[in-house]
Structure formats: C-alpha cells, structure tokens
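What follows is a set of notes on a single structure, which appears directly below.
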Amino acid sequence: MFSKNTSDPDPLVPGAPAPQAPELAEPTEPRDPLPPKPDQDGPETVTATGVATGAPKSSTSQSGKFLTTAQGARLRDTDHSLKAGPRGPVLLQDHHLREKITHFDHERIPERVVHARGAAAHGVFTANGAAEGVTQAGFLAKGVETPVFVRFSTVLGSRGSADTVRDTRGFSTKFYTAEGNYDLVGNNIPVFFIQDAIKFPDVIHAGKPHPDREIPQAQSAHDTFWDFVSLHTEAQHHTMWNMSDRGIPRSYRTMEGFGVHTFRLINAAGQTTLVKFHWKPRQGVHSLVWEEAQIINGMDPDFHRRDLADAIEAGAFPQWDLGIQVFPDTEDEMFEGIDLLDPTKLVPEELAPVQVIGTMTLNANVTNYFAETEQVAFHPGHLVPGIDVTNDPLLQGRLFSYIDTQLTRLGGPNFSQIPINRPHAPVNDMLRDGFHQSADHSGVAPYQPNSLDGGCPFMAGADMSAFIDVPVEVPAARKVRENPATFDDHYSQARMFFRSLTPVEQDHVVQAYTFELGKCYEENIRLRQLQSLANIDKRLADDVAAGLGLTAPEPAVAVADTDPSPALSQLGGSWPVAGRVVGVVADEASDLASVSEVLAAIHAEGMVPLVIAPHGGKLGAEITVQRTYLTARSTEFDAVIVAASGAAAPDAADSLDAKAGNPGGHPSLDPRVTLLLAEAFRHAKALGAWGDGGSVLAAAGIPAETAGVVVGGATEVASGVTALLANHRVWERFPTA
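Each residue of the sequence shown is one higher than the last, beginning at -12 in the working numbering.
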C-alpha cells in the first residue's frame, strides 16, 4: 500500500523529497536524471491537436546528463558571469547569463484573482452506468474509465497564503473524455454569495484585503466583507455555510464538492433533465476546530496540500462518489417551491436524493506544480455531448469570465495546448496562430466552407457524438435588469441550514460569527449583520450579540420555517480511517516491542503512524523517530497515543523552545508533551496510553475515564483509538452551550 524511498528502511512515512536519498558528498559523476517518485504522474503525452503519441510521460521531462542552454548547447560553468578579468565588469555578451536571468525574470505568471492558492492531483473516474438514462455523455456510460485532474483551492488568499483559513474551497475536476474535455468547476459549498455574475467583482473586492493596507490576507473577518454581506442579504446563506465547520475542512480528502448550479442533461432520445452535481467523499465530511485551524496556519501553512500529497504517496488514495440530484425539466424550472436557477438555494437531499453515478480515485501526485497545478485552465463552458448549461445568471456570467481570464494568465488563446490542458480526443478546430502556438497545422484553408482542403474538416451529425446546444424555448420578454420574484427569499434556507446542525455545530457557528464580527472596526456593520442573524434565528442572534457586548434586534422580516435537512450536518456517522495520522509518543523507557506492534497495527489500517520522541534518530535499533518534542504539534495528528515517560528532554528550555514555557504544567513532564496532549484533548481528538503513558495522561490533567480516552494494553489501545477515529472527533467530551 505504501510507496517507499529506496534507501529508507522505514516504508511507513510519506514525504521523502526525492526518489532516492542523497549521499553526504556532492555528486560529481555525470548520470541521467532521477525518475519521478512512484506517487508522481504527469499529463498524458498527446500532441497539441489531441493525438496520442504513444510516448512515455517522461518524454516531456528534461533528459541527459549535462546542463545545457535552452537551445541545447552544453555548459561548463553556471556559477560565474563572463567578466573582463576576475574583478572586472560583467560583459553584455554573456548569453548564458542573459538567458538565465531573463527566464527567471519571467518565471511567474499572473496568479488567479480568486482560487490562487491551490493543490492538485491526477486520478481516474469510473462510471457505474446509473446516468445512462438521463445523459448521452459517453464518459458516464457503465464501466467507462476517464482520466481526471482535480484542483482544490481557497478563494480569497494569494498563492502564498495559508491553507486552513476560514474560506470557501474550490473543487474543480477536468475529465479527459473521449468526446473532449469536460470541466466540473465547483466549490465545497453548494450555494454562492450572489445570484448574478455581475456582482462577482463586488463580493470578491469586499472579501479581499482592504485596498489601502492590503490586510488582512485570506480572511473574511474584516469590515469590507461584512459591510457587503450585511447590505447584500442574498449572501446570508453562503455566509452561514462559511461560518460553520464547512469553512475550515480537516482536509481536501474529507470535503464535499458541489457543482453549485443546475445543469441540463440530454439523453440519446433527446429528453432533457435538470440536475445538480455532488461529490461525496468516501471518508466522510470532517472539519477542524477553530483554534486548531489558527495554530496550523502558523505551524504548517501548507497543511492541506501536504495532507493530500502524503495520502496519495502513502497509498491511501482519496475517493469521492459523484452523484446527481435529478429534477424534471419543467417550464418554470422549479422543484418543490425552490427556484433551480437561484445559485443561493440548495435542494435538500431528503426531497431529492443524491444518486451515485460513478467514483473518482486520486492516485498520483503532480510532477511539476507550475506546469500542472498552476497552468491548468478550467472553464464551465468546457462541455461534452449530453451536458448543457441553464439560464442561471451566475453560471451565464462564468461562461464568459473563465475563458477571458485564461487569455491574460496563460498568455493568449492557445492555453488548451499546454500539456495539462490538452484534450485526449482529436482536435481539429481551424483556430490558428497566436501566442504559444504549439501545433504545426497543415492545409491551406482554415475556414468553412472550403474546397482547397477537400472540404475538411466536416460537420458531425447528431448521431456522431456532436455537441448539442439543447433547444430551450425562450418566452417573449422585455430586456430588463431584474431578478425573478423567486430570488427574493434570502433567509429561509440560511435558517434551515442552521437548524439542521447538531448543537455542537451550532456552537461553532456562534463562535465563528462572534469572532469575525469582533474583528470589524465599525459597530454599525456589526449591528447590521446582527439584524440578518435575527431574521435567521433568535438564539443565534442573541448569543452572537452577547459575545459582542450588543443587544440583538428583533426580526425585521417574516421568514418561513422549513423542515431541517439532516444531510446538512457533518456528524453522526462513521467512516473509513485510511489516511488518518496517529502520533505515538515514545522514548527509551518505552516498551519498544509494544511500540513496534502498535505502529504495525496502525499501518495495517491504512493510517500513517508518526513516532514523537525527545530527540531525532532512532529509539533502540529499529524504531525511526519522525517528530521530536520540538517539531511536533498536536494539529498534525488525528489522534495521539502515549507510550513514554514524558520526562523532559534536554532542550526543554524556554530559551530554546517557547513551547517549553508552560508554568502550569506538571514538573515531571516535558512541557511540550503537556501542550501536545492538552491541545489534542480540547480539540476533541482520541487519546490512548499504555505503560507509563497512563501516568503521563494523569499528570497532564486528563482523566482516564474521560470520553475518547483509551487506557490498557498496547493492542487494546490501538484498536480502541482506531474505533474512535471512525467518528472523527469525540464531541461528547464537552457539553454544548
């Protein structure tokens, strides 16, 4: 299950930076480049016109033993500029210096205005055939396997921001189908802030750092954001999702994805159906707690991208089921009183169950971040026969915006010829020239109709997998800048979402609103948002107002009550534990044979065990230490098991490690062990101990009889912690407010 660094005797831990460990001395004997690591993969080798080359994927990598210029001339020195004598000025004729610096000066392309911070992986989608009755899309036929490339992202932050900020996440999938590329460009939240794309610049400008000081980065906890959403109340439903635990996911692997909009499918008989797309993670939907997210932003700002890459490298391949909610394609495009063209509304799964139509497995990391993750270009208008858009005004605007964006980011109209964007179907488009044209087109007549090229290329008929723009009746109307009346309800679904959550999840929503509004300078903005909260739920408004030292207003509008939707809660189920990270605290005083047994048991469940010890290196002859008391933090682990004395390590000094400054700790324990256990405990994580570990928990103030604490023999502890991890957290440890 686990890939292995060939020179590393311990195969359990992902994260090795190279396919083989480096020698101590600098290599001097010329050799061919190392291959990618086993977990890495690249784009398929197809030409710029979509024809498979049959060449290995490594054929696009650099090869050969010797450094060359971009034109292939070998170099004997890349450390010294050409100068007029050792102390003289650098000469303009130094072509290698100019080429090297010029290329460096232009390494960066404009980052995405939104979704700039991203991570991605390769995989495969396998259809189960359940969608064959509603769409003629070939990749959804039973048993068809389609390569995919998936990019996850945050919305507000720049490329250099942290991963675990409170924000909406992008979830975009490129299907390389035999009928052309299909892009499902979605989010981890099923609704959006706005109903019309013309408002998109406004909501993003409001959420981005203030334009005068460029702060805060990747945060919505500031005045401009709350000024906008409190005035533009159609944003209240999405805002409620962001303030819930959905805004701080545990990992990309435990995150739902949604197509947001309603799409129209057409089957082989010409019948149409309206659908919403859902990605359901096989490992369940799980989140961080707020303090944990804040600590991670400082300790490991790459937490989500590292988690994704490590899971794939470890063989714990993330999986999602793709499902659709199906609705009749009626003239009014409504379902159970819900306007299907309103992107601020969802359809509860209790009214329209999600029907699984296939499964996606991510099984390979990227080979080069820039070439793949940064240059991949998604577009909601990349459609295939059998899938079409609707008149959702947000979706309609996206159909223009995405392709317009690529022209600036990727240097012109030929972005589809970048390897990661190339279709795996033949391309014969008659589009010519422009920046970065990689195809070598033949023929003399790139126009239609023509006779000089024998009439090629020809039109395809409907029976030849041609794309069909579904003919939809457009009623007689006036040109207006208006929304339909069904778009006017801004509060009922926000109320439904809040009241569908469990008490612990509701507490987290209260905490999030209190924190974010507490970061606003202007009291009137806080008061205005409290009015929206009062319209949604009285208890929510009262509790947030109390935290702000304000009085909650009375509701200003009458809002209809709807039945709760249990599917909106993340809690209450159990899920596979593969890919979870378990910290095992050990030292020389531990029963190392039992430690080895526990590590093997954790690994056998598909989880990643990391040994935490007072020092690096090894414990005994066999056990490799992956984290020390200095480098470990509770936020990296889903559970912690203690098998050590917890005695202070030699570097447990305030002057060496600020985490060692813990005046309230037990004198016999290393303060960093106390901190590790205290954080894991209050973040509702499973804890286990055997041997001296039971005394360590007691000394850290954690009673053995507390919920989610397993004390006993080594095997018993390993199995008990594994069982607890199936529920993600031990929420019953603490009473709700």
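Ideal Cβ placement from N, Cα and C applies to all residues, glycine included. The model shown is predicted, which means the values in this text are computed figures rather than measured ones.
- With fewer than 16 other beta carbons inside 10 angstroms of its own, S50 counts as exposed.
- With contact defined as three or more Cβ pairs closer than 8 Å, the segment 264 to 284 and the segment 226 to 242 are in contact.
- Rounded to the nearest angstrom, the Cβ distance from A184 to R385 is 6 Å, consistent with a contact under 8 Å.
- DSSP places L338 outside both helix and strand once states are collapsed to three, so it counts as coil.
- Counting only runs of 3 or more residues that sit fully inside the segment 578 to 639, the beta strand (DSSP E) segments are 595 to 600 and 626 to 629, in chain order.
- For the pair of segments examined, the segment 319 to 334 was found not to touch the segment 353 to 360: the number of CB pairs separated by less than 8 Å stays below three.
- Following the DSSP letters along the chain, one finds A705 inside the alpha helix (DSSP H) bounded by residues A701 to L712.
- Residue H265 holds the alpha-carbon nearest to the alpha-carbon of I344 among G257, G570, H265 and D92.
- The segment 281 to 289 makes no contact with the segment 299 to 309: fewer than 3 CB pairs, one atom from each, lie closer than 8 Å.
- Annotation: the continuous beta strand (DSSP E) that includes S140 extends over E132 to T141.
- For K267, the enclosing beta strand (DSSP E) stretches over residues T259 to P268.
- A residue is called buried once 16 or more other Cβ atoms fall within 10 Å of its Cβ, and K52, having fewer, is exposed.
- Using a 10 angstroms sphere on the CB of S577, the tally of other CB atoms reaches 16 or more, which defines it as buried.
- Close CB contacts of L338 within its chain, under the 7 Å cut and outside five residues either way in sequence, are with E323 (chain order).
- The DSSP assignment places no complete alpha helix (DSSP H) segment of no fewer than 4 residues inside the segment 319 to 382.
- Separation of G700 and Q204 (C-alpha to C-alpha, rounded to the nearest whole angstrom) is 47 Å.
- Scanning the segment 243 to 315 for uninterrupted alpha helix (DSSP H) segments of 4 residues or longer gives 277 to 286 and 290 to 300, listed from N- to C-terminal end.
- Rounded to the nearest whole angstrom, the CA to CA distance from F502 to A208 is 8 Å.
- With a minimum length of 4 residues, the unbroken runs of alpha helix (DSSP H) contained wholly in the segment 475 to 525 fall at 479 to 487, 490 to 505 and 510 to 523.
- Restricting attention to alpha helix (DSSP H) runs no shorter than 4 residues, the segment 173 to 245 encloses them at 187 to 194, 210 to 218 and 223 to 230, ordered along the chain.
- Bridge partners of L674 according to DSSP: V627 and V696.
- Contact check between the segment 370 to 390 and the segment 240 to 256: three or more CB pairs, one atom from each, fall below 8 Å, which counts as touching.
- Within the same chain, and ignoring the five residues on either side of H653 in sequence, the residues whose Cβ sits closer than 7 Å to its Cβ are T661, A686 and A687.
- N522 places its beta carbon less than 9 Å from that of P542.
- By the CB criterion at 9 Å, F624 and V697 fall outside the cutoff.
- For the pair Y169 and P134, the Cα-to-Cα distance works out to about 11 Å.
- In this structure, the straight-line span from the alpha carbon of A705 to that of V585 is close to 6 Å.
- Note that the segment 141 to 159 touches the segment 188 to 205; at least 3 beta-carbon pairs, one per stretch, sit closer than 8 Å.
- S556 counts as buried, since no fewer than 16 other beta carbons sit within 10 angstroms of its beta carbon.
- Note that the segment 671 to 684 does not touch the segment 598 to 614; fewer than 3 beta-carbon pairs, one per stretch, sit closer than 8 Å.
- The count of Cβ pairs closer than 8 Å, one atom from the segment 106 to 122 and one from the segment 67 to 82, stays below three, leaving the stretches out of contact.
- A straight line joining the alpha-carbon of T723 with that of P490 spans about 6 Å.
- Counting along the chain, the unbroken alpha helix (DSSP H) around K87 starts and ends at H82 to D92.
- Cβ contact annotation for A303 (same chain, cutoff 7 Å, sequence separation greater than five): A565, G566 and G593, in chain order.
- For S145, the three-state secondary structure derived from DSSP is coil.
- Annotated three-state conformation of Y389 is helix, per DSSP.
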